[in-house]
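>
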Amino acid sequence: MDPSRAFVTNVKRLIVKVGTAVVTRGDGRLAVGRLGALCEQLKELNSQGYEIVLVTSGAVGLGLQRLRYRKLVNSSLADLQNAQFELDGKACAAVGQSSLMALYDTLFSQLDVTSSQYLVTDTEFRDTSFRKQLSETVKSLLSLKVIPIFNENDAVSTRRAPYEDSSGIFWDNDSLAGLLAMELKADLLVMLSDVEGLYSGPPSDPNSKLIHTYIKEKHQCEITFGDKSRLGRGGMTAKVNAAVCAAYAGIPSVITSGYATDNIIKVLQGKCVGTLFHRDAHLWTLVKELGVREMAVTARECSRRLQAMNSEGRRKILLDIADALEANESLIKIENEADVTAAQDDGYEKSLISRLSLKPGKISGLAKSIRVLADMEDPIGQVLKRTELADGLILEKTSSPLGVLLVVFESRPDALVQIASLAVKSGNGLLLKGGKEAKRSNAILHKVITSAIPENIGEKLIGLVASREDIPNLLKLDDVIDLVIPRGSNKLVTQIKNSTKIPVLGHADGICHVYVDKSAKVDMAKQIVRDAKIDYPAACNAMETLLLHKDLSSNGLLNELVSDLRHEGVTLYGGPRASSLLNIPETCSFHHEYSSMACTIEIVDDVQAAINHIHQHGSSHTDCIITENHEVAETFLHGVDSAAVFHNASTRFCDGARFGLGAEVGISTSRIHARGPVGVEGLLTTRWILRGSGQVVDGDKGVIYTHKDLPLQTPLYS
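Here you go:
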C-alpha cells in the first residue's frame with residue numbers, strides 16, 4: 080500500500096462520480112461496456128460492506144444522440160439538406176435521463192443489486208429541511224445495501240451557463256458530488272474521468288506529467304487546464320474544484336480514469352492510481368524528508384556496527400559479495416539486458432547504452448576486483464602519526480571512516496558494485512541513486528549485494544534511493560550525510576554542487592588531452608593515441624583532444640595519426656590550425672566531452688603551448704605527453720595542473736582498479752580531500768586519540784611538553 084493512501088483502511092462510505100466522457104462514447108452513444116464494468120465494481124464493493132452513492136452525468140449527451148435520431152426520422156427532404164440541428168439542452172436532459180436510469184436499473188438488477196434515483200437542483204439544496212430529509216433517506220437506503228444514484232436535474236435547472244457560473248450551492252454534477260460527500264459525511268470521494276488523473280498541463284501535451292498528490296499551495300498556480308468536458312457541462316477544472324472543496328472539509332478525494340475496469344477497487348486497496356486530494360498533503364513533503372533522513376540515520380547506525388567488526392569480518396563480507404555476484408550472474412544479465420533494450424527503444428545515445436551494458440566477463444571482473452580489495456590492508460584505525468606530547472601523554476592520528484556517503488550516478492550499473500564494495504572496506508554507510516535507465520540492473524545488484532551483509536550489521540548499511548524526487552531532500556541532510564559523490568554529466572555534477580552544503584567530491588567533465596611532442600616515437604604515439612580514444616570512448620578517461628607539435632606535419636607522423644583514427648571510425652574535428660591544415664570541420668568548442676568515437680585535433684607550437692591549451696580548455700582530469708625528450712616530459716608533468724598526468728602512457732590508465740586501489744568511487748578533479756581516482760583512502764578521514772595517565776592542563780603549569788615523534792609501532796602501554 081502506498082503510504083499516502085493509508086487512509087483507505089478507514090473508508091466505509093464513498094461517493095463515486097462518473098463523468099459524461101465515461102458514460103458515453105465519442106459518437107454520443109452509451110458506453111455500455113464501461114458502465115457494465117463500473118456496475119460490477121460497485122457490486123463487488125457493495126457485497127464487501129461499503130456504502131456507495133453514485134453521482135452520474137451523461138443524460139444530456141445521451142438525450143442529444145436520441146433526439147438527433149428522432150429529428151432525422153421526422154425530417155423532410157428539404158430539412159435533410161440542411162443538416163444543422165439546433166436541439167434544446169434541457170429537452171436532451173429530459174429524454175436522456177430516463178434512458179440512463181433505465182440502463183443502470185437493468186445492469187444492477189442483473190447483478191442482484193437494487194438502485195434508487197434522485198434528481199436534484201441547486202434550489203432544493205437551499206432548503207435545510209430538504210437536506211435533512213435527504214440525508215435520512217439516503218442513510219436508510221444504504222442500510223439496506225441500496226445504491227442511490229444522483230443526477231442534477233438539468234431538465235428544469237434555471238442555470239444557463241453552469242460551467243462559467245460557479246456560484247450557488249452546486250453548479251454541475253462534479254460540485255454536486257463534492258456537496259453530497261460533505262452532506263452525507265462520506266469517507267472518500269472518487270471522481271471518474273476520461274484521463275488518468277490531474278496533469279500539470281493538457282493530457283495531450285507530451286510534456287505534461289501526472290500529479291499523484293495534489294498540493295494546493297504548490298499546484299494551484301502551476302497547472303494549465305485543457306478544454307471542458309466533451310459533452311458534459313463540467314471538465315477537469317470543475318472536478319479539481321470539487322475535490323479540493325471536499326478534501327479541505329476532511330474527505331479525501333481521488334480523480335482517476337473511468338476507462339479502467341478496476342480503478343475504484345485499486346483506490347480502496349491503497350494503490351497509487353489517479354490524483355489524490357487530501358487536506359494534509361502539504362505536510363507529506365516533510366514526511367518524505369523524514370523518510371530519507373531515517374534511511375541516512377539507519378545507514379550510519381549500520382556503519383558503526385561495521386566499524387566495530389574486526390578486520391577479518393569485513394573481509395569476509397566482501398568475499399561473500401563477490402561470491403554472490405558470480406552466483407547470480409545469469410539473473411543480473413537478464414535484468415541488465417532488459418535495461419539495455421528499453422534504452423535502445425527509448426532512443427538513448429550509443430555512448431550511454433555502452434556505459435549501461437554489463438558486457439561478457441564484467442561480473443567476473445568485478446568479483447575479482449572485490450577479492451583484491453578484500454585482501455588489501457585494513458584501512459580503518461591505521462595509526463598515521465604517533466607523538467609524545469609530554470611524559471606519559473601519547474597522541475595518535477588515526478584513519479577513520481567518513482560516516483555516510485551519498486553517491487548519485489548515471490548509466491553505469493557496475494559503478495554500484497565498485498562503490499558498495501569500497502563503502503564496506505572503508506566502514507562507511509552508503510546511499511545510492513542510479514539513473515532510471517539502469518533501474519532494473521541497479522535493483523538486482525543492490526539486492527544481491529545486501530543479501531551478503533550479515534544481520535548483525537544490517538542490510539540497510541547500503542540503501543538504494545528509489546525516486547529522483549528524494550534527491551533534493553537528501554541534499555539537505557548535511558547533519559547526517561558526510562560526502563556526496565556525483566558520477567555523471569556536467570549538468571548533474573553542477574546541479575548537485577549548487578544544491579547542497581554537504582561536501583561534494585567528483586568531476587564535471589572528462590576532457591582528457593594527449594600531446595604528441597616532436598620527439599615522440601611513431602609506433603608508440605600511434606598505439607597510445609589509438610588506445611586512449613577507442614579502447615572505451617564513453618569513459619571519462621578517454622582522449623577527447625589530440626594536441627600535435629607543429630613539426631609533426633613535416634615528418635609524416637601527423638598524417639599517420641589522423642589516418643589511423645579515421646580508419647578506426649573516429650570522427651575528427653579541428654581547431655583553427657588543424658581544420659585548415661587537415662581540411663576537417665572546425666570544432667564549436669575545445670571544452671567538449673564527446674564520450675563517443677569523435678575527438679578534436681589541434682596544432683601547437685611546443686610543450687608550453689600544449690600546457691597553456693590544457694589549462695585553458697581542459698577539465699583537470701587526465702592529460703598525457705608522448706615524447707622521448709625527458710626534459711620536455713618533466714616540464715609537462717610538473718606544469719600541467721591536472722589530477723593525473725602521464726608520460727608515454729594511455730589516459731585510460733587513470734582508473735582505481737588499474738592504480739591498484741581495488742576499485743574507485745569516481746575520479747575527483749577537486750583539490751581538497753582527494754584527487755584523481757578515489758579508492759578507499761579517499762573515503763577516510765582522520766581523528767585524534769590521546770592516551771594519558773591523569774594529566775591536566777591547569778594553565779600549563781605542571782606540563783613539560785616534549786612533542787617527540789614516536790615510531791608508529793610503539794606499544795600502546797608500557
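As numbered in this note's numbering, the sequence shown has no gaps in its residue numbers, which increase by one up to the final residue, 797.
Using N, Cα and C, we set each Cβ at its ideal position, and we do this for glycine too.
1) Determine the direct distance from the alpha carbon of Glu-489 to that of Gly-305, and round the result to whole angstroms.
2) Kindly indicate which three-state DSSP category Val-595 falls into: helix, strand or coil?
3) Taking only the alpha-carbon atoms, compute the straight-line gap between Val-544 and Asp-454 and give it to the nearest angstrom.
4) For Glu-467, which residues from the same chain have a beta carbon less than 7 Å from its beta carbon, with the 5 sequence-adjacent residues on both sides left out?
5) Hey, could you find the ends of the beta strand (DSSP E) Thr-135 is sitting in?
6) Please determine if the segment 343-350 and the segment 275-292 are in contact, where contact requires at least 3 C-beta pairs separated by less than 8 Å.
7) Compare the C-alpha of Ile-532 against each of Ile-607, Ala-499, Ile-746 and Lys-218 and name the closest.
8) Indicate whether the contact test is met: 3 or more Cβ pairs, each with one atom in the segment 627-638 and one in the segment 690-699, closer than 8 Å.
9) Buried or exposed, going by whether 16 or more other CB atoms sit within 10 Å of the CB of Gly-761?
10) Quick one, which of Ser-530, Ile-704 and Thr-624 has its alpha-carbon nearest Ser-668's?
11) Which of the three DSSP states, helix, strand or coil, is assigned to Met-388?
12) Could you tell me whether the segment 225-235 touches the segment 169-177, where touching means 3 or more Cβ pairs closer than 8 Å?
13) Pop quiz: Thr-335 and Gly-257 are said to be a contact at Cβ under 8 Å. What is the actual Cβ separation, rounded to whole angstroms?
14) DSSP state of Arg-104, grouped into three classes?
15) Can you tell me where the alpha helix (DSSP H) with Asn-320 in it begins and where it stops?
16) Could you tell me the alpha carbon to alpha carbon distance between Thr-477 and Gly-506, rounded to whole angstroms?
17) Could you tell me which residues DSSP pairs with Phe-725 in its beta bridges?
18) Based on the DSSP secondary-structure assignment, which residues constitute the bridge partners of His-628?
19) Quick one: complete beta strand (DSSP E) runs, 3+ long, within the segment 704-770?
20) In terms of residue numbering, what span does the alpha helix (DSSP H) encompassing Gly-112 cover?
21) Roughly how many whole angstroms lie between the Cα atoms of Val-711 and Leu-431?
22) Taking only three categories from DSSP, how would you classify Lys-96?
23) Looking only at DSSP bridge pairs, what is Ala-469 linked to?
24) Using only the alpha-carbon positions, how far apart do Phe-209 and Lys-555 sit?
25) Under three-state DSSP, which class holds Ala-522?
26) Which term fits Pro-227, buried or exposed, when burial requires 16 or more other beta carbons within 10 angstroms of its beta carbon?
27) Are the segment 716-724 and the segment 596-615 touching, with three or more C-beta to C-beta distances below 8 Å?
28) Let me know the secondary structure DSSP gives Val-451 once reduced to three states.
29) Out of Val-199, Val-572, Thr-377 and Ile-528, state which residue places its alpha-carbon closest to the alpha-carbon of Leu-398.
30) Since Ser-195 and Leu-220 should fall inside the 8 Å C-beta cutoff, what is the C-beta to C-beta distance between them, to a whole number of angstroms?
31) Who does Gln-196 pair with in a DSSP beta bridge?
32) Can you tell me the Cα-Cα spacing of Trp-767 and Ala-469, whole angstroms?
33) Tell me whether Gly-778 sits in a helix, a strand or coil according to DSSP, three-state version.
34) From Arg-491 to Leu-437, what distance separates their C-alpha atoms?
35) List the whole-angstrom C-beta distance separating Leu-651 from Cys-678, where the pair is believed to meet the contact cut-off of C-beta under 8 Å.
36) Taking 8 Å as the threshold, find out whether the segment 457-465 comes into contact with the segment 405-418 through three or more Cβ pairs.
Per the coordinate set shown:
1) Sequence index remark: in the sequence shown, residue 305 carries index 226 (1-based). Sequence index remark: in the sequence shown, residue 489 carries index 410 (1-based). Model confidence at Gly-305 stands at a pLDDT of 49, short of 50, so the residue's coordinates are unreliable; what they give is reported in the following sentence. The straight-line gap from Cα to Cα measures roughly 35 Å.
2) Along the sequence shown, one-based indexing puts residue 595 at 516. DSSP, read as helix, strand or coil, puts Val-595 in strand.
3) Reading the sequence shown from its first residue, position 465 is the one you call residue 544. Reading the sequence shown from its first residue, position 375 is the one you call residue 454. Looking at the two C-alpha atoms, the distance is approximately 30 Å.
4) Here the question's residue 467 lines up with position 388 in the sequence shown. These residues qualify, in order along the chain: Ile-473, Thr-785, Lys-787 and Leu-789.
5) Looking up residue 135 in the sequence shown gives position 56. Its beta strand (DSSP E) spans residues 130-135.
6) Short answer: they don't touch.
7) As a first step, residue 532 must be located in the sequence shown, where it is residue number 453. Taking Ile-532 as reference, the option from Ile-607, Ala-499, Ile-746 and Lys-218 with the minimal CA-CA separation is Ala-499.
8) The segment 627-638 vs the segment 690-699: no contact.
9) The count along the sequence shown starts at 1 and reaches residue 761 at position 682. So Gly-761 ends up on the buried side.
10) Translated into the one-based positions of the sequence shown, residue 668 becomes position 589. It is Thr-624 whose Cα lies nearest to the Cα of Ser-668.
11) The count along the sequence shown starts at 1 and reaches residue 388 at position 309. In the structure shown, Met-388 sits in coil (DSSP, three-state: anything other than H, G, I, E or B).
12) By the C-beta criterion, the segment 225-235 is judged to be in contact with the segment 169-177, since at least 3 inter-stretch pairs fall below 8 Å.
13) Translated into positions along the sequence shown, residue 335 becomes position 256. Translated into positions along the sequence shown, residue 257 becomes position 178. That pair is no contact at about 16 Å.
14) As a position in the sequence shown, residue 104 is number 25, starting the count at 1. Residue state, collapsed to three classes: coil.
15) Walking along the sequence shown from the start, residue 320 turns up at place 241. Where Asn-320 is concerned, the enclosing alpha helix (DSSP H) stretches over 315-327.
16) Residue numbering aside, residue 477 sits at position 398 when the sequence shown is read from its first letter. Residue numbering aside, residue 506 sits at position 427 when the sequence shown is read from its first letter. Looking at the two C-alpha atoms, the distance is approximately 14 Å.
17) Start at 1 with the first residue of the sequence shown, and residue 725 comes out as number 646. Phe-725 is bridged to Cys-703.
18) Reading the sequence shown from its first residue, position 549 is the one you call residue 628. His-628 is bridged by DSSP to Val-683.
19) You should have 723-726, 745-747, 755-757 and 763-770.
20) Along the sequence shown, one-based indexing puts residue 112 at 33. It spans 111-126 - the alpha helix (DSSP H) in which Gly-112 sits, taken as one unbroken run.
21) Residue mapping note: residue 711 aligns to position 632 of the sequence shown, counting from 1. Residue mapping note: residue 431 aligns to position 352 of the sequence shown, counting from 1. Distance between the alpha carbons of Val-711 and Leu-431: 37 Å.
22) Here residue 96 refers to the residue found at position 17 of the sequence shown. Lys-96: strand per DSSP, three-state reduction.
23) In the sequence shown, the residue the question calls residue 469 occupies position 390. For Ala-469, which the question treats as bridged, DSSP gives the partners Leu-472 and Tyr-784.
24) Numbered from 1 along the sequence shown, position 130 holds the residue referred to as residue 209. Numbered from 1 along the sequence shown, position 476 holds the residue referred to as residue 555. Distance between the alpha carbons of Phe-209 and Lys-555: 54 Å.
25) Within the sequence shown, residue 522 is the residue found at index 443, counting from 1. DSSP, read as helix, strand or coil, puts Ala-522 in helix.
26) Reading the sequence shown from its first residue, position 148 is the one you call residue 227. It is buried - the Cβ of Pro-227 has at least 16 other Cβ atoms within 10 Å.
27) No, the segment 716-724 is not in contact with the segment 596-615.
28) As a first step, residue 451 must be located in the sequence shown, where it is residue number 372. Reduced to three states, the DSSP call for Val-451 is helix.
29) Working through the sequence shown from its first residue, we reach residue 398 at position 319. Measuring from the Cα of Leu-398, the nearest candidate turns out to be Ile-528.
30) For the purposes of this step, residue 195 is taken as the residue at position 116 of the sequence shown. For the purposes of this step, residue 220 is taken as the residue at position 141 of the sequence shown. Between Leu-220 and Ser-195 the Cβ distance is about 6 Å, and since that is below 8 Å, they are a contact.
31) Position 117 of the sequence shown, counting from 1, holds the residue named residue 196. Within the DSSP secondary-structure output, Gln-196 pairs in a beta bridge with Ile-228.
32) Working through the sequence shown from its first residue, we reach residue 767 at position 688. Working through the sequence shown from its first residue, we reach residue 469 at position 390. Whole-angstrom Cα-Cα distance: 16 Å.
33) Here residue 778 refers to the residue found at position 699 of the sequence shown. Looking at Gly-778 - three-state DSSP - the assignment turns out to be helix.
34) Indexing the sequence shown from 1 puts residue 491 at position 412. Indexing the sequence shown from 1 puts residue 437 at position 358. Between Arg-491 and Leu-437, the C-alpha separation is close to 8 Å.
35) Translated into positions along the sequence shown, residue 651 becomes position 572. Translated into positions along the sequence shown, residue 678 becomes position 599. About 7 Å separates the beta carbon of Leu-651 from that of Cys-678, a gap short enough to meet the 8 Å contact definition.
36) Counting Cβ pairs under 8 Å, fewer than three are found: no touch.
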